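Residue numbers are given in numbering that gives the first Met the number 0: position 228 of the sequence shown equals residue 227, and the series is strictly consecutive. Some notes on the structure that comes next.
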Amino acid sequence: MGDYLRPATLEEALQALARPWTVLAGGTDFYPARVGRAIDDDVLDIGGIGALRGIAEGPAGWRLGATTTWSELIETPLPRLFDGLKQAAREVGGRQIQNAGTLAGNLCNASPAADGVPPLLALGAEVELAGRDGTRRLPLAAFITGNRRTVLAPGELVVAIHVPKPARGARSAFLKLGARRYLVISIAMAAATLEVEDSRVIAARIAVGACSAVAQRLPALETALIGATVNSLAARVEASQLVPLSPIDDVRGSAGYRQEAVATLLRRLLAGFAP
Ligand SMILES: Cc1cc2nc3c(=O)[nH]c(=O)nc-3n(C[C@H](O)[C@H](O)[C@H](O)COP(=O)(O)OP(=O)(O)OC[C@H]3O[C@@H](n4cnc5c(N)ncnc54)[C@H](O)[C@@H]3O)c2cc1C
């Protein structure tokens, strides 16, 4: 077994990261990746750092601490803007996984099927990184660069996820397709955040996961929704808008099935915004 360190402060953690450590948050991706072999990593457990935990509202938006768990998110009273992210949280594994697994762990693991990514893309979220030389903030779309790849540099930690406040009241929604209803890896999932005025869409962000190496926004569909009444959104979904997706064949579904299923998923998701 390697070294184990559980700092109480962010400063202590960042000083430790002057040399390589494997970061451990909830461990729900870390441990399954090491089944059947001894853990010889030097482990930096960030679960004891209070400053990385919790959800706070400020004038410009919300700060979701990196080690906020899915259960904490579900239990925090938040505006309807967060309905989609909360729906995703309820579908991340079962209750035990939601109690341990963290939002930032889901992003850093960067699985194409990470359920947190589409709703956070649809919220326009940014990721805050800290290292010994300071902090930097970048859009989530720029943080995850490929299957299991992020721009996290050696010595850096994700410290928070920031969700900006929309100009007007906004709602969001999330739908996941799996081989069964719960406890399942997504075949495809879709998330939407809509700003609506007088029953018409003023602004839209739509993101799809598990249909490309990294979850993708669908700009052509977003544009097609502007000005549409909330009762007519599903009819605006067209196959040509799915061009950013590049689904693969795998044990959970064929590329062709995913391509068709995601169009249906998007129509259902958007139909859910009707009063
Ligand atoms: C039974 C089971 C069911 C699951 N179901 C789902 C599901 O339905 N949907 C889904 O999306 N996921 C699912 N997962 C995966 C997992 O639970 C989530 O991805 C979870 O959010 C990971 O968070 P964690 O805190 O446990 O990450 P960890 O396992 O602690 O870490 C994951 C990775 O991120 C790095 N890391 C973590 N936090 C930071 C940080 N702040 N800064 C830098 N690096 C960091 C770690 O070094 C590691 O590489 C499931 C896992 C299990 C075991």
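Virtual Cβ for every residue (Gly too), placed ideally from N, Cα, C. On a predicted model such as this, the values are computed, not experimentally measured, just so you know.
Alpha-carbon to alpha-carbon, A203 and S171: For the purposes of this step, residue 171 is taken as the residue at position 172 of the sequence shown. For the purposes of this step, residue 203 is taken as the residue at position 204 of the sequence shown. Between S171 and A203, the C-alpha separation is close to 10 Å.
Spatially closest choice to E56 from A260, P76, D40, L244, by CA coordinates: Locating residue 56 in the sequence shown gives position 57, where the first residue counts as 1. Relative to E56, the option among A260, P76, D40, L244 whose CA is nearest is P76.
Residue(s) in a DSSP beta bridge with D249: The residue you call residue 249 lines up with position 250 of the sequence shown. The partner list for D249 (beta bridge, DSSP) reads G252.
Contacts around R147, its chain only, beta-carbon distance under 8 Å, and the 5 residues preceding and following it disregarded: Within the sequence shown, the letter at position 148 stands for residue 147. Residues of the same chain with a CB within less than 8 Å of the CB of R147, apart from the 5 flanking positions on each side, are N108, A109, S110 in chain order.
T75 CB to nearest heavy atom of ligand 1 below 7 Å: In the sequence shown, residue 75 corresponds to position 76, counting from 1. No, the Cβ of T75 stays beyond 7 Å of every heavy atom of ligand 1.
Where A166 falls: helix, strand or coil (DSSP): For the purposes of this step, residue 166 is identified with residue 167 of the sequence shown, where counting begins at 1. A166 falls in the coil class under three-state DSSP.
Beta-carbon spacing of I279, L156 below 8 Å: The first residue shown for the chain is 0 and the last is 274, placing residue 279 beyond what the model contains.
DSSP state of E11 mapped onto helix, strand, coil: Here residue 11 is taken as the residue at index 12 of the sequence shown, counted from 1. Helix, per DSSP.
Helix, strand or coil at S110 [DSSP, three-state]: Residue mapping note: residue 110 aligns to position 111 of the sequence shown, counting from 1. In the structure shown, the three-state DSSP call for S110 is coil.
Classification of R257 by the beta-carbon crowding that lies within 10 angstroms, buried from 16 upward: Residue numbering aside, residue 257 sits at position 258 when the sequence shown is read from its first letter. Flag for R257 reads buried.
A65 and V213 closer than 8 Å at C-beta: As a first step, residue 65 is located in the sequence shown; it is residue number 66 there, counting from the start. As a first step, residue 213 is located in the sequence shown; it is residue number 214 there, counting from the start. Taking 8 Å as the Cβ cut-off, A65 and V213 do not qualify as a contacting pair.
Nonlocal neighbours in the same chain, by C-beta distance under 6 Å from A103, ignoring five residues either side: Along the sequence shown, one-based indexing puts residue 103 at 104. Contacts found: A65, V157.
Meets three-Cβ-pair contact criterion under 8 Å: the region 171-190 and the region 76-90: Between the region 171-190 and the region 76-90, the count of C-beta pairs closer than 8 Å reaches three or more; the two stretches touch.
Own chain, CB closer than 6 Å to T192, minus 5 neighbours either side, in chain order: Locating residue 192 in the sequence shown gives position 193, counting from the first residue. The beta carbon of T192 lies closer than 6 Å to those of A121, L122, A169, S171, R204 in the same chain, with the five residues before and after it left out.
C-alpha gap between D248 and V261, whole angstroms: Counted from its first residue, the sequence shown places residue 248 at position 249. Counted from its first residue, the sequence shown places residue 261 at position 262. The straight-line gap from Cα to Cα measures roughly 14 Å.
F272 beta carbon near ligand 2 (any heavy atom closer than 7 Å): With respect to ligand 2, the structure offers nothing, as its ligand set consists of ligand 1.
Contact under 8 Å by Cβ, G100 with G25: Here the question's residue 100 lines up with position 101 in the sequence shown. Here the question's residue 25 lines up with position 26 in the sequence shown. Between G100 and G25, the C-beta gap is smaller than 8 Å, which places the two residues in contact.
Burial state of E10 (16 or more Cβ within 10 Å): If you number the sequence shown from 1, residue 10 lands on position 11. Residue environment: E10 is assigned as exposed (fewer than 16 neighbouring CB atoms within 10 Å of its CB, all protein chains considered).
Residue environment, L241, which counts as buried when at least 16 other CB atoms sit within 10 Å: In the sequence shown, the residue the question calls residue 241 occupies position 242. Buried: at least 16 other Cβ atoms inside 10 Å.
First and last residue of the uninterrupted beta strand (DSSP E) at L43: The residue given as residue 43 occupies position 44 in the sequence shown. Its beta strand (DSSP E) spans residues 42-44.
DSSP-derived helix/strand/coil call for P138: Residue numbering aside, residue 138 sits at position 139 when the sequence shown is read from its first letter. Shown here, P138 sits in a strand according to DSSP, grouped into three states.
Helix, strand or coil at V200 [DSSP, three-state]: Here the question's residue 200 lines up with position 201 in the sequence shown. The answer is strand: DSSP assigns V200 an E or B state.
Alpha helix (DSSP H) segment containing I73, residue limits: The sequence position of residue 73 within the sequence shown is 74, counting from 1. Boundaries of the alpha helix (DSSP H) around I73: 69-74.
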